[in-house]
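Per my numbering, residue 107 is the first one in the sequence shown, and the count goes up by one each step.
For reference, the structure discussed in these notes is given below.
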Amino acid sequence: MTTAVLTDHERTAVQAYLRLLHTVRAEFDSAPGPAGAPRPAVVPPSVLAEADQALREAGLAGNEEAFFRLLRSWCPGT
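Structure, rendered in structure tokens:
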């Protein structure tokens, strides 16, 4: 397997995505609230905005194939 050397922007994008992924997983793993109570937003707007900005700065916005290729090379278990 070849090792990818990420640029600072690519690394930031991958890290932001992983934070976003962990936020979503944590929300789904948490106990549900009272029956009929509205659930809070799964992803806080600030976390989503951070990931979007990082993807734009890395030139990966709208290029999911390249982004996930980077993600798999840097963090194979994801």
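Cβ coordinates follow ideal geometry from the N, Cα and C atoms, glycine included.
Computed from a prediction, not measured in an experiment: that's the story for all the values here.
Here DSSP, grouped into helix, strand and coil, assigns Leu126 to helix. Distance from the CA atom of Leu124 to the CA atom of Ser179, rounded to whole angstroms, is 14 Å. If you ignore the 5 residues before and after Thr129, its C-beta comes within less than 6 Å of the C-beta of Val149 and Val153, all in its own chain and listed in chain order. The beta carbon of Thr113 is closer than 6 Å to none in its chain, skipping five residues each way along the sequence. In the three-state DSSP reduction, Pro182 falls in the coil class, being neither helix nor strand.
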